[in-house]
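**Student:** The listed protein sequences correspond, in order, to chains A and B.
Per my numbering, the very first residue in the first sequence carries number 1; after that it's consecutive.
Per my numbering, the very first residue in the second sequence carries number 312; after that it's consecutive.
Just so it is clear, CB atoms sit at the ideal spot from N, CA and C, and this is done for glycine as well.
Let me begin by handing over the structure; questions about it come next.
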Amino acid sequence: MNDELIDSATRWIVLLRSGQATAADWQRYEQWRAEDPRREALCQQLETRLGVFQIAQAQGVSGKVLQQALEAPTSRRAVLRGALMGAAVIAGAGWLARPALEDLTADLRTGTGERRTVELADGSEMLLNARSTADIQFDAQRRVVRLREGELLVKIAKDSSRAFFIQTDQARLHAYGNRLLLREREGQGHVVALSGALEINGQNGERLQLDAGQEVSYDRFGFGPVQASSSGATAWIDGFLQVRDRPLAEVIDALRPYHNGVLRLDPAVAGLRVSGLYRLDNPDQILDTLARTLPIHITRRTGLWVTVGAT
Amino acid sequence: MSGADTSHSDYVGGLFRSHYDWLCSRLHRHLDSRAHAEDIAADTFVQLLSSPGVAPIRQPRALLTTIAQRLMYQLWRRRDLERAYLDALDQDETSSAPSPEDLAQMIEALQAIDQLLDGLPAKVKATFLLSQLNGLTYPEIAAELGISQRSVSDYMARAINRCLRLCLE
């Protein structure tokens, strides 16, 4: 019964919105609607439901922007489900001696401006920079950390029977040594071998070996030149950002994970050179400091929307 | 307040005393602040308080976890939507910064729209939004998305069908 009602209402509304409905169509729709109070009620309910779009309309938000927002990834949810379900099982059946499920499937994430150190099941230590997400997938054969987004520093514990890999969207990294730093955001990756060698396999099949003290950038098309690493790359570990004669764009990118909201950079000033040591816990202060030393102007329209432009 | 209500709130009160701290620390592992964990834990008990039919509960921690989990998804989804919305505005050169009030209102609306269209394929959502928000006709939508007019009609039917179904739930 309801199916029939819904189907006929659907047909009417699809016709009326097509842009080709005639005055006669509208008249017949009004008639159809008035014939049965259930039809009238349903059409009114639909209008109420769709009322939620009035806010978007009033603010002039386009369908495209809304669509993009609705496509927000929800990947963390599935992982969390696993982790919390494990908790529920253990809580509900506490007398069962079971290993904690969270050790097998963990989901680690940090919010804006947050750094977090975790000890992994094998004794390795991992530090996640702000706005980063990683999964831990350890089994009897190997240890895999999946970096979904962001930056991590890992101090790998020795385990001769299980190799240590880090998997990202663009690369797979095999670590032999014990400390490395890896960052991947929006398809742009960067690896620093802090101690010990490592091997990276790019998405295009390319393979590269890094020795201790070397770093390299990459994206899905391949690797950049291998360079001797600078101490600036690891400064965030202590809560600092250190740069020496780097473009402003790079500094702004490093600040993004610490800034809540949109940080827009005018391309006209993106290439300005910057040197200095900055505290990461207050990105607003860094911006103000930069504005005093560079020909730039910071516009804050809401706390969530900051534009860095030319003076 | 009837006698039954009093005993239910006493019962939930008892659960609160024995499990609140546990729930907070459990939630804190997945949230970036203690305050968020406390908010969600408190909301969990409020939800329990407003469903008198559930007592007595054999495994309170399992039920609390289930409710808290749902609340946490909502919070996370809300954050994901807010971030994606700001990113979308940022990429759209014609958009300017929303005021804090506008933004708060819009995020509320986005959450409702997200639930309304949940589960529909991206093309169906895109079609419906162009009709609903930009008021485009089917030939215009077809041109915009590079699909046939037949597909536009089909997609519209799917989206409207879902909205109507939700109305009758």
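1) Could you give the C-beta distance for L272 of chain A and L248 of chain A, rounded to a whole number, given that I count them as a contact under 8 Å?
2) Since I424 of chain B meets chain A, which of its residues come closer than 8 Å, beta carbon to beta carbon?
3) Is there contact here, the stretch 315–329 of chain B with the stretch 289–308 of chain A, by at least three beta-carbon pairs under 8 Å?
4) If we ignore side chains and look at the alpha-carbon of each, how far apart do H341 of chain B and D401 of chain B end up?
5) Could you tell me whether the stretch 168–177 of chain A touches the stretch 132–141 of chain A, using the rule of 3 or more Cβ pairs below 8 Å?
6) May I have a chain-ordered list of the alpha helix (DSSP H) segments no shorter than 4 residues that lie completely inside the stretch 194–242 of chain A?
7) Could you have a look at G63 of chain A and say whether DSSP puts it in helix, strand or coil?
8) Have a look at A:I286, A:E186, A:V52 and A:F223 and flag the residue whose alpha-carbon is nearest the alpha-carbon of E199 of chain A.
9) How many Å lie between S361 of chain B and T48 of chain A at the Cα?
10) What residues from chain A crowd round C335 of chain B, counting only those whose CB sits closer than 9 Å?
11) At which residues does the beta strand (DSSP E) containing E149 of chain A begin and terminate?
12) Quick one: list the residues of chain A neighbouring R476 of chain B, beta-carbon separation under 8 Å, in chain order.
13) Using only alpha-carbon positions, find the residue among A:F164, A:D245, A:V14 and A:S62 that is nearest to M417 of chain B.
14) Y121 of chain A to R11 of chain A, Cα distance in whole Å?
15) Compare the C-beta of R345 of chain B against all C-beta atoms of chain A and say whether one is closer than 9 Å.
16) Could you have a look at P257 of chain A and say whether DSSP puts it in helix, strand or coil?
17) So, are the CB atoms of D219 of chain A and Q242 of chain A less than 9 Å apart?
18) In the DSSP assignment, what residue or residues form a beta bridge with E125 of chain A?
19) Which same chain residues end up closer than 8 Å to L392 of chain B when comparing Cβ atoms and leaving out the 5 residues on each side of it in sequence?
20) If I measure Cβ to Cβ from Q203 of chain A and keep anything under 7 Å in the same chain, skipping five residues before and after, which residues do I get?
21) Strictly under 9 Å for the Cβ-Cβ distance: is P432 of chain B near chain A by that measure?
22) Could you give the DSSP three-state label for V52 of chain A: helix, strand or coil?
23) In the DSSP output, which residue or residues are listed as bridge partners for A163 of chain A?
24) Pull out every residue of the stretch 250–264 of chain A whose Cβ sits closer than 8 Å to any Cβ of chain B, in chain order.
25) Taking only beta carbons into account, state which residues of the stretch 392–404 of chain B come closer than 9 Å to chain A, listed in chain order.
26) Please tell me whether K434 of chain B and L456 of chain B are closer than 9 Å, where the distance is taken between their beta carbons.
27) Determine the contact status of L70 of chain A and L397 of chain B, defining contact as a CB-CB distance below 9 Å.
28) By DSSP's criteria, R469 of chain B is part of a beta bridge. Which residues make up the other side?
29) For a contact defined as C-beta to C-beta under 8 Å, what are the partners of T10 of chain A on chain B?
30) For Y278 of chain A, write down the residues that DSSP places opposite it in a beta bridge.
31) For T405 of chain B and L382 of chain B, which I take to be in contact (beta-carbon distance under 8 Å), what is that distance rounded to the nearest angstrom?
32) Going by other Cβ atoms of all chains shown within 10 Å of its Cβ, with 16 needed for buried, is A268 of chain A buried or exposed?
33) Compile a chain-ordered list of the residues in the stretch 266–299 of chain A whose CB is closer than 8 Å to at least one CB of chain B.
34) Under DSSP, the beta strand (DSSP E) around H341 of chain B begins and ends at which residues?
35) So, helix, strand or coil for Q45 of chain A, using DSSP?
36) I'd like the span of the alpha helix (DSSP H) that includes V435 of chain B, first residue to last.
**Tutor:** On the basis of the supplied data:
1) Confirmed, about 4 Å.
2) Within chain A, the residues near I424 of chain B are V52, F53, A56, L66 and L70.
3) No: fewer than three Cβ pairs fall under 8 Å.
4) The alpha-carbon atoms of H341 of chain B and D401 of chain B are separated by roughly 28 Å.
5) The stretch 168–177 of chain A makes no contact with the stretch 132–141 of chain A; the number of CB pairs closer than 8 Å stays below 3.
6) Segments of the alpha helix (DSSP H) lying fully in the stretch 194–242 of chain A: there are none.
7) In the structure shown, G63 of chain A sits in a helix (DSSP, three-state: H, G or I).
8) Ranking the options by Cα distance to E199 of chain A, first place goes to A:F223.
9) If I take the Cα positions, the gap works out to 26 Å.
10) Neighbours of C335 of chain B on chain A: none; closest Cβ ~13 Å, over 9 Å.
11) Annotation for E149 of chain A: the continuous beta strand (DSSP E) segment containing it runs R142 to K155.
12) Going along chain A in sequence order, the residues near R476 of chain B (Cβ under 8 Å) are I6.
13) Nearest to M417 of chain B by C-alpha distance, out of A:F164, A:D245, A:V14 and A:S62, is A:S62.
14) A small correction: the amino acid at residue 121 of chain A is Ala; Tyr does not occupy that position in the sequence shown. A straight line joining the alpha-carbon of A121 of chain A with that of R11 of chain A spans about 57 Å.
15) No, because no Cβ of chain A sits closer than 9 Å to the Cβ of R345 of chain B.
16) Under the three-state reduction of DSSP, P257 of chain A is assigned to helix.
17) Contact: no.
18) E125 of chain A pairs with A:E119 and A:K155.
19) Excluding positions up to five away in sequence, the list reads I418, L421, Q422 and D425.
20) Cβ within range, chain order: Q170, A171 and R220.
21) By this cut-off, P432 of chain B is not an interface position.
22) V52 of chain A: coil per DSSP, three-state reduction.
23) Residue pairing for A163 of chain A: DSSP places it in a beta bridge opposite A:R142.
24) Residues of the stretch 250–264 of chain A with a C-beta atom less than 8 Å from some C-beta of chain B are G261, V262 and R264, listed in chain order.
25) Cβ contacts with chain A come from L392, E393, R394, A395, Y396, L397, D398, A399, L400, D401, Q402 and D403.
26) Yes, they are a contact pair.
27) Not in contact: L70 of chain A and L397 of chain B (Cβ atoms no closer than 9 Å).
28) BP columns for R469 of chain B are empty, so no partner.
29) Listed along chain B, the residues sitting closer than 8 Å to T10 of chain A by beta-carbon distance are A468, I471, N472 and L475.
30) Residue pairing by DSSP places Y278 of chain A opposite A:L241 in a beta bridge.
31) Contact flag wrong, Cβ pair sits at about 36 Å.
32) Per the 10 Å Cβ criterion, exposed.
33) Residues passing the 8 Å Cβ filter: none.
34) Neither: H341 of chain B is in no beta strand (DSSP E) and is coded neither H nor E.
35) Helix, per DSSP.
36) Annotation: the continuous alpha helix (DSSP H) that includes V435 of chain B extends over A433 to Q443.
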